[in-house]
Amino acid sequence: MDADYSVVDPETIEAERFPESGNLHRKLTDALGCTEMRVNTVTLEPGEETTPHAHERQEEVYVALDGGSVEVDGESYDVAPGGVVRIGPEPTRSVRNESDDAAQTWVMFGAPPLGTVDDFGEYTVPDDGRE
């Protein structure tokens, strides 16, 4: 990529399913030309949640476009539409859609860009799925 900027419509990026949970996500890192962070979107249907996980050396920032709930080390927090959550590398985290009627999309930023785009920055799943 030659420019120091990029504009991407996430809908133009093919949605894939996470292997563990089957949740739909879009990998935006390459499309945006990011070199210092990973960027993904995750869309959760009512009742869905992401697989609880941690990152060995990567912190994340989540933006709840439609609101939702985040669980960090077993504690659940409601996040308003447009709300922002920062999580350091070690805590186990998951986002969920506890609504009954609407999909919720999260934009997720991870830095530094460790591992590969395909392994989501040294993504680890605790043995029991939760700590």
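Residue numbers are given in UniProt numbering: position 103 of the sequence shown equals residue 103, and the series is strictly consecutive. Just so you know, even glycine gets a beta-carbon here, dropped at the ideal spot from N, CA and C. These numbers come from a predicted model, not from an experiment.
8 angstroms Cβ cutoff met for residue i and residue j
i      : j      : result
Pro52  : Arg26  : no
Pro81  : Ala64  : yes
Gly67  : Gln104 : yes
Glu60  : Ile87  : yes
Pro113 : Thr35  : yes
Glu20  : Val85  : no
For residue i, three-class secondary structure by DSSP
i     : result
Ala15 : coil
Ala3  : coil
Ala31 : helix
Residue burial classification, residue i (beta-carbon count within 10 angstroms, cutoff 16)
i           : result
Tyr62       : buried
Thr50       : buried
Gly74       : exposed
Arg17       : exposed
Arg130      : Low per-residue confidence applies at Arg130: pLDDT is 42, beneath 50, and the placement is therefore not dependable enough to give any value.
Val39       : buried
Gly22       : exposed
Gly110      : buried
residue 132 : Only positions 1 to 131 of the chain appear in the structure, and residue 132 is not among them; the question remains open.
Cα-Cα separation between residue i and residue j, rounded to whole angstroms
i      : j     : result
Ile13  : Ser6  : 14 angstroms
Thr29  : Ala15 : 13 angstroms
Ser69  : Pro10 : 22 angstroms
Gln58  : Tyr77 : 21 angstroms
Asp100 : Leu32 : 33 angstroms
Met37  : Asp4  : 15 angstroms
Integer-rounded CB distance, given that residue j should sit under 8 angstroms from residue i
i           : j      : result
Thr41       : Val107 : 5 angstroms
residue 137 : Pro91  : Because the chain spans 1 through 131 in this model, residue 137 falls outside it and cannot be assessed.
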